[in-house]
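Engineer:
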Amino acid sequence: MTVEVARSRGPEAGAVSELVAGARAGRPRAVARLISLVENGSPLLREIMAELCAGRPRPARIIGLTGSPGVGKSTSTGMLVRAFRERGRKVGVLAVDPSSPFTGGALLGDRVRMQDHATDPGVFIRSMASRGHLGGLAWAAPQALRVLEAAGCEVVLVETVGVGQAEVDIASLADTTVVLLAPGMGDGVQAAKAGILEVADVFVVNKADRDGAQATVRELRNMIALTEREWRPPIVPTVAYRGEGAEDVIEALDAHQAYLEKSGELGRRRHVRARDEIEAIALTALRARFAHLHGDRRLDALATRVLREGLDPYRAADELLAATC
Ligand SMILES: Nc1nc2c(ncn2[C@@H]2O[C@H](COP(=O)(O)OP(=O)(O)OP(=O)(O)O)[C@@H](O)[C@H]2O)c(=O)[nH]1
Ligand SMILES: [Mg+2]
Numbered sequence: 394m395t396v397e398v399a400r401s402r403g404p405e406a407g408a409v410s411e412l413v414a415g416a417r418a419g420r421p422r423a424v425a426r427l428i429s430l431v432e433n434g435s436p437l438l439r440e441i442m443a444e445l446c447a448g449r450p451r452p453a454r455i456i457g458l459t460g461s462p463g464v465g466k467s468t469s470t471g472m473l474v475r476a477f478r479e480r481g482r483k484v485g486v487l488a489v490d491p492s493s494p495f496t497g498g499a500l501l502g503d504r505v506r507m508q509d510h511a512t513d514p515g516v517f518i519r520s521m522a523s524r525g526h527l528g529g530l531a532w533a534a535p536q537a538l539r540v541l542e543a544a545g546c547e548v549v550l551v552e553t554v555g556v557g558q559a560e561v562d563i564a565s566l567a568d569t570t571v572v573l574l575a576p577g578m579g580d581g582v583q584a585a586k587a588g589i590l591e592v593a594d595v596f597v598v599n600k601a602d603r604d605g606a607q608a609t610v611r612e613l614r615n616m617i618a619l620t621e622r623e624w625r626p627p628i629v630p631t632v633a634y635r636g637e638g639a640e641d642v643i644e645a646l647d648a649h650q651a652y653l654e655k656s657g658e659l660g661r662r663r664h665v666r667a668r669d670e671i672e673a674i675a676l677t678a679l680r681a682r683f684a685h686l687h688g689d690r691r692l693d694a695l696a697t698r699v700l701r702e703g704l705d706p707y708r709a710a711d712e713l714l715a716a717t718c
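Position 133 (the sequence shown) corresponds to 526 in the working numbering; numbering is contiguous.
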């Protein structure tokens, strides 16, 4: 990390304070710029985070929304933004695309759907790519959240497509994880398979205007009955593109929030989140230092010794670590 620190002390250093002040004043361009710096793994991040944390921003309520492609996450996010705005809350939206190294592209559609809120100074909307980062979501998202918290967001909705590990990743990031399903997508079976039952705090069965919604609700209810979690996730049917069910979703979210506070689970989740973040930053720094110190040469030399001289891979890794730390 020493290299990065040295690089960050340039004429740009003053710009950091200005950007942070801009974010605190709720200026969208400053917020967007800071999140871009997070996304790009900027060497200025160390200073940015120091300044942001020194201000001890109030932690936002972090709500993750996940589910299969096309289930209605963005439409539901828009619906919830509206509902929270009606309650006077300042809202941030982070659309994390785990599959693309680029912003834009796949998320362009979201921007269109979010246009309702485009001119509202109480709403910040950003899409962010997470692949391509060494630490992925665990590394970048908490830092982006910190920027939104500094801008005064009281609620942050994090949308991510539920593919692969994404549900589990989002669950470790959010206070409350909302898993969306829709009738006729075979989601129930998928839910059981992907371990969604363990991570969902609230289930939304969207597209309840379609046939089969009741069957999906029933199927889910039966599956939840088989789990042994203390918190029984409520199941809320919605028709997101008509805004139907928004109040019920908010009620379910509030109930979960109350449970988190009462049980002490909120503090535990946040503690684990801070641990994950520190670990992700440390591992990223370790890799950067390793690359800087050795390039591939030492690794090549060790590989040769493993292949030709009977060195075992654990000893080889020990040597590598000893030379890096
Ligand atoms: N019938 C019906 N269609 C809906 C409902 N909510 C959303 N849709 C439609 O479903 C499609 C997908 O909605 P999105 O909100 O983009 O879904 P998404 O989960 O964000 O999609 P990705 O981000 O691509 O994974 C859009 O055409 C919506 O208009 C609903 O309640 N009923
Ligand atoms: Mg979407």
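Just so you know, even glycine gets a beta-carbon here, dropped at the ideal spot from N, CA and C.
Quick caveat: nothing in here was measured; it's all calculated off a predicted structure.
Are the segment 601 to 618 and the segment 434 to 441 touching, with three or more C-beta to C-beta distances below 8 Å?
Structural biologist: Counting Cβ pairs under 8 Å, fewer than three are found: no touch.
Engineer: Could you tell me the alpha carbon to alpha carbon distance between GLY502 and LEU590, rounded to whole angstroms?
Structural biologist: As a position in the sequence shown, residue 502 is number 109, starting the count at 1. As a position in the sequence shown, residue 590 is number 197, starting the count at 1. Confidence in GLY502 is poor, its pLDDT being 40 and thus under 50, which makes the residue's placement unreliable; the coordinate value appears in the next sentence. Rounded to whole angstroms, GLY502 to LEU590 spans 29 Å at the Cα level.
Engineer: Could you pull the DSSP bridge partners for PRO630 from this structure?
Structural biologist: Taking the first residue of the sequence shown as position 1, residue 630 is located at position 237. BP columns for PRO630 point to VAL598.
Engineer: How long is the line joining the alpha carbons of GLY515 and LEU487, rounded to whole angstroms?
Structural biologist: As a position in the sequence shown, residue 515 is number 122, starting the count at 1. As a position in the sequence shown, residue 487 is number 94, starting the count at 1. Roughly 14 Å separates the two Cα atoms.
Engineer: Alpha carbon to alpha carbon, what distance is there between ARG708 and VAL549?
Structural biologist: Walking along the sequence shown from the start, residue 549 turns up at place 156. Walking along the sequence shown from the start, residue 708 turns up at place 315. Distance between the alpha carbons of VAL549 and ARG708 is about 45 Å.
Engineer: If you count every other CB in all the chains shown that lies within 10 Å of the CB of ARG666, and 16 or more means buried, which is it?
Structural biologist: The residue given as residue 666 occupies position 273 in the sequence shown. Buried: at least 16 other Cβ atoms inside 10 Å.
Engineer: By how many angstroms is the C-alpha of ARG451 removed from the C-alpha of ALA425?
Structural biologist: Along the sequence shown, one-based indexing puts residue 425 at 32. Along the sequence shown, one-based indexing puts residue 451 at 58. Their backbone Cα atoms lie some 19 Å apart in a straight line.
Engineer: Just verifying my parser: in three-state terms, what is the DSSP assignment at THR620?
Structural biologist: Counted from its first residue, the sequence shown places residue 620 at position 227. In the structure shown, THR620 sits in coil (DSSP, three-state: anything other than H, G, I, E or B).
Engineer: Check the DSSP bridge columns for SER656 and list the partner residues they point to.
Structural biologist: Along the sequence shown, one-based indexing puts residue 656 at 263. Paired residue(s): none; SER656 is not in a bridge.
Engineer: Just to confirm the assignment, what range does the alpha helix (DSSP H) spanning VAL431 have?
Structural biologist: By 1-based counting over the sequence shown, the position of residue 431 is 38. VAL431 -> alpha helix (DSSP H) spans 421 to 432.
Engineer: Would you list the residues sitting across from ARG480 in a DSSP beta bridge?
Structural biologist: Stepping through the sequence shown from its first residue, residue 480 is reached at position 87. The partner list for ARG480 (beta bridge, DSSP) is empty, contrary to what the question assumes.
Engineer: What's the gap between the Cα of ARG539 and the Cα of GLU670?
Structural biologist: Working through the sequence shown from its first residue, we reach residue 539 at position 146. Working through the sequence shown from its first residue, we reach residue 670 at position 277. Straight-line Cα distance between these residues: approximately 12 Å.
Engineer: Which same chain residues, not among the five before or five after HIS526, have their C-beta less than 6 Å away from its C-beta?
Structural biologist: Numbered from its first residue, the sequence shown carries residue 526 at position 133. At HIS526 the pLDDT is 49, less than 50, meaning the model places this residue with poor confidence and gives no usable figure here.
Engineer: In whole angstroms, what is the alpha-carbon distance linking GLU672 and ARG682?
Structural biologist: For the purposes of this step, residue 672 is taken as the residue at position 279 of the sequence shown. For the purposes of this step, residue 682 is taken as the residue at position 289 of the sequence shown. Approximately 15 Å between the Cα atoms of the pair.
Engineer: SER410 to VAL642, Cα distance in whole Å?
Structural biologist: What you label residue 410 is simply residue 17 of the sequence shown in a count that begins at 1. What you label residue 642 is simply residue 249 of the sequence shown in a count that begins at 1. Going from the Cα of SER410 to the Cα of VAL642 covers about 39 Å.
Engineer: Kindly list the residues whose CB is nearer than 7 Å to the CB of GLY419, restricted to its own chain and excluding five residues on each side of it in sequence; keep chain order.
Structural biologist: Residue mapping note: residue 419 aligns to position 26 of the sequence shown, counting from 1. PRO514, ALA544 and GLY545, listed in sequence order.
Engineer: Could you tell me which residues DSSP puts in a beta bridge with ILE643?
Structural biologist: Taking the first residue of the sequence shown as position 1, residue 643 is located at position 250. Paired residue(s): none; ILE643 is not in a bridge.
Engineer: Helix, strand or coil: which one does DSSP assign to SER410?
Structural biologist: Counted from its first residue, the sequence shown places residue 410 at position 17. Helix at SER410.
Engineer: May I have the straight-line CA-CA distance separating ALA408 from LEU574, to the nearest angstrom?
Structural biologist: As a working note, residue 408 is residue 15 in the sequence shown. As a working note, residue 574 is residue 181 in the sequence shown. Cα to Cα, the separation comes out at about 44 Å.
Engineer: Can you name, in chain order, every residue of its own chain whose Cβ lies under 7 Å from the Cβ of ILE563, other than the five neighbours on each side?
Structural biologist: Translated into the one-based positions of the sequence shown, residue 563 becomes position 170. Within the same chain, ILE563 has close Cβ partners GLY457, THR459, VAL551, THR553 and THR570.
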